[in-house]
Amino acid sequence: MADGTIEIPGTALPPAGASAAAPARERSVTAAGSSLSAIPVHRRPRRAARRDSRDRAVACAALIGADVLAFALAAALLEPFAPDGALPLELLGLLSAAILMLSWSDGLYPGYGIYPHEVMRRRIVAFAKPGMLAVAGTVLLGGDFHLALMLSSFLIAALFLQPILRSWSRDTLHRTGRWGVSAEIQAEDAQAEAWRAVLTETWQLGFRCRSPGARGSAHTLLVAGGRLEPQSIARGPGRAREVILLGALPGGDDAAAPRPADLRGEIGLRLRLVAPVPHRPGPAGRAIDCALGATLLLAVAPVLLTAAASIYLVDPGPVLYRQRREGLGGQSFGVLKLRTMYRDADRRLEMLLAGDPAARAEWTRYYKLRNDPRILPFVGRALRVSSIDELPQLLNVIRGEMRLVGPRPFPDYHLAALDPAFRARRSTVVPGLTGLWQASARSTADAARQQALDDFYIANRSFWLDLHILCLTPAAVLRGRGAY
617 MADGTIEIPG
627 TALPPAGASA
637 AAPARERSVT
647 AAGSSLSAIP
657 VHRRPRRAAR
667 RDSRDRAVAC
677 AALIGADVLA
687 FALAAALLEP
697 FAPDGALPLE
707 LLGLLSAAIL
717 MLSWSDGLYP
727 GYGIYPHEVM
737 RRRIVAFAKP
747 GMLAVAGTVL
757 LGGDFHLALM
767 LSSFLIAALF
777 LQPILRSWSR
787 DTLHRTGRWG
797 VSAEIQAEDA
807 QAEAWRAVLT
817 ETWQLGFRCR
827 SPGARGSAHT
837 LLVAGGRLEP
847 QSIARGPGRA
857 REVILLGALP
867 GGDDAAAPRP
877 ADLRGEIGLR
887 LRLVAPVPHR
897 PGPAGRAIDC
907 ALGATLLLAV
917 APVLLTAAAS
927 IYLVDPGPVL
937 YRQRREGLGG
947 QSFGVLKLRT
957 MYRDADRRLE
967 MLLAGDPAAR
977 AEWTRYYKLR
987 NDPRILPFVG
997 RALRVSSIDE
1007 LPQLLNVIRG
1017 EMRLVGPRPF
1027 PDYHLAALDP
1037 AFRARRSTVV
1047 PGLTGLWQAS
1057 ARSTADAARQ
1067 QALDDFYIAN
1077 RSFWLDLHIL
1087 CLTPAAVLRG
1097 RGAY
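Printed below as a string of structure tokens:
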């Protein structure tokens, strides 16, 4: 849980004693002393889904444009007062970019579901953090009080101009029907009507409430006065993208409901559902993967050449091999690896498993063997413990078949043993060179533990989780614990 948001996988674990075989037909919401009607699972019409996504993108672009314009106007207002009419445009540009990035990370683009007073607080904080750093650095390092005054004036002017321009942009979008996403309220009749009235009046919160009984599913499901059971909201293509457990109704007297102050100024607790549909990285993520992948490949090229020569000396033949693995959307691709096994590895494995029950049990549980007869003596084990044999997959990363971080692509024999629902969830993300269970457990994790760690990653993937895993990976490789 982070910043009032919970992410759960699309197929949550059923309660004790319940069967996971039958898919949920309804999304049930119950409240103490009352019985609410079940939420039917409708597929969202593609046109409605596209409209919500398009409107959200337009709203983000409009608000960012308004903020950029506010920075430009603030700079223009200060230009007559600058020495020789020259403003420190580079510094002002960096300061503006930092504020925009902080605003984005704090959910202000577009800021749906955040009360106005909280929007103001987050904006001020986004201005204050880089602003105070820039002003203090200017005074302490350069002693330029005039520049510090210019920066302070720029920030104050932009801080006052932004609400005006943002309000104008928001009003324009509202008049043209482009502000907000479709929402469905699930509550008792009186409470649903009360929330519908609030959200209609305070349209700035960004929810276009649908009429009761409307066909299809809304972008956001708003649940009030009840208990939502995670196992009852299995996520599928075309269904609600987000569920919000609403807090206290403004002006209401429900003492048990959380107040906006308990929810960081938002209308409720968000449950972002992970859809079992392929999710490709955006342009920024792709650029980072390519840049880091190419840099790392150049850096480790001497290591790869040395490893290739060692393999050839022990067992002459190809030093690289390509194995078919499952990638995004279930598409097959060739994973590149340095060969660490004998060329007749499959025959050696079959012979061992046929005559050794203990080895067969170990293979069934881990899909690895601690004493594997297929591995080349010394060089093979050294390459596997150090994970050098995986480094050619940097080429897969550059080609877009893999990412630096993601669930490891499994071979067919491993995939065949997976639960079909889990396999479907794994296919929604691009596989990675390193992953959560490789960085934390490596070969010591059995199939159940691997699934739990992969499920956690898929449900909570983010830039920060990827960065955390990348930071864990070197230490895990150097320790070599659980690698064989």
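Numbering follows the working numbering, in which position 24 of the sequence shown is assigned residue number 640; successive positions increment by one, without gaps. Ideal placement from N, C-alpha and C gives every residue a C-beta, glycine not left out.
Assigned exposure category for residue i - 16 Cβ within 10 Å defines buried
i, result
"residue 1110", "Outside the displayed span of the chain (617 to 1100) sits residue 1110, for which this structure offers no information."
"residue 856", "buried"
"residue 955", "buried"
"residue 795", "buried"
"residue 657", "Low local confidence applies: a pLDDT of 39 at residue 657 is under 50, so the model's placement there is unreliable, with the coordinate-based value given in what follows. Buried: at least 16 other Cβ atoms inside 10 Å."
"residue 1036", "exposed"
"residue 836", "buried"
"residue 919", "exposed"
"residue 812", "buried"
"residue 1028", "exposed"
"residue 960", "exposed"
"residue 933", "exposed"
"residue 1048", "buried"
"residue 776", "exposed"
"residue 827", "exposed"
"residue 669", "exposed"
"residue 1032", "exposed"
"residue 632", "Here residue 632 scores only 33 on pLDDT, less than 50, and its place in the model should not be relied on; the value that follows carries that caveat. Flag for residue 632 reads exposed."
"residue 816", "exposed"
"residue 600", "The displayed coordinates of the chain run from 617 to 1100. Any statement about residue 600 would go beyond what the structure contains."
"residue 1082", "buried"
Distance between beta carbons of residue j and residue i, contact taken as under 8 Å
i, j, result
"residue 715", "residue 746", "6 Å"
"residue 1020", "residue 980", "In fact, because the Cβ distance is near 31 Å, the residues do not count as touching under 8 Å."
"residue 764", "residue 693", "Incorrect: roughly 18 Å between the Cβ atoms, too far for contact."
"residue 935", "residue 993", "Contact flag wrong, Cβ pair sits at about 16 Å."
"residue 1067", "residue 1024", "Rounded, the Cβ-Cβ distance is 12 Å, inconsistent with contact."
"residue 797", "residue 728", "7 Å"
Selected residue, minimal CA-CA separation from residue i, among the options
i, options, result
"residue 678", "1023, 826, 1090, 784", "784"
"residue 1063", "984, 684, 688, 961", "984"
"residue 901", "1095, 925, 1080, 734", "1080"
"residue 709", "971, 756, 728, 689", "689"
"residue 866", "810, 681, 1093", "810"
"residue 834", "748, 817, 802, 1094", "802"
"residue 705", "696, 691, 908, 1008", "691"
"residue 671", "898, 971, 751, 793", "793"
"residue 862", "908, 909, 814, 1073", "814"
"residue 925", "1094, 910, 946, 995", "995"
"residue 1052", "753, 1084, 667", "1084"
CB contact flag (residue i, residue j, <8 Å)
i, j, result
"residue 1013", "residue 943", "no"
"residue 823", "residue 799", "yes"
"residue 742", "residue 722", "yes"
"residue 883", "residue 821", "yes"
"residue 940", "residue 950", "yes"
"residue 1069", "residue 1056", "yes"
"residue 875", "residue 734", "no"
"residue 958", "residue 997", "no"
"residue 789", "residue 675", "yes"
"residue 1010", "residue 1086", "no"
"residue 682", "residue 766", "no"
"residue 916", "residue 1007", "yes"
"residue 1089", "residue 895", "no"
"residue 976", "residue 969", "yes"
"residue 778", "residue 686", "yes"
"residue 1041", "residue 1004", "no"
Span of the alpha helix (DSSP H), counted from its first residue to its last, around residue i
i, result
"residue 911", "899-930"
"residue 1037", "1036-1042"
"residue 782", "761-791"
"residue 1026", "Per DSSP, residue 1026 belongs to no alpha helix (DSSP H) and is neither H nor E."
"residue 1073", "1063-1076"
"residue 719", "705-721"
"residue 742", "732-753"
"residue 1079", "1079-1095"
"residue 858", "Unbroken run through residue 858 is the beta strand (DSSP E), 858-862; no alpha helix (DSSP H)."
"residue 1015", "1010-1015"
"residue 951", "Looking at the DSSP string, residue 951 is not in any alpha helix (DSSP H); the run it does join, the beta strand (DSSP E), is 948-954."
"residue 997", "995-1002"
"residue 1021", "First-last for residue 1021: 1019-1021, but that is the beta strand (DSSP E), not the alpha helix (DSSP H)."
"residue 812", "805-817"
"residue 964", "961-971"
Where the beta strand (DSSP E) through residue i begins and ends
i, result
"residue 1048", "1048-1050"
"residue 984", "That residue, residue 984, is in no beta strand (DSSP E); it is neither H nor E in DSSP."
"residue 836", "836-839"
"residue 942", "936-942"
"residue 802", "797-802"
"residue 824", "823-825"
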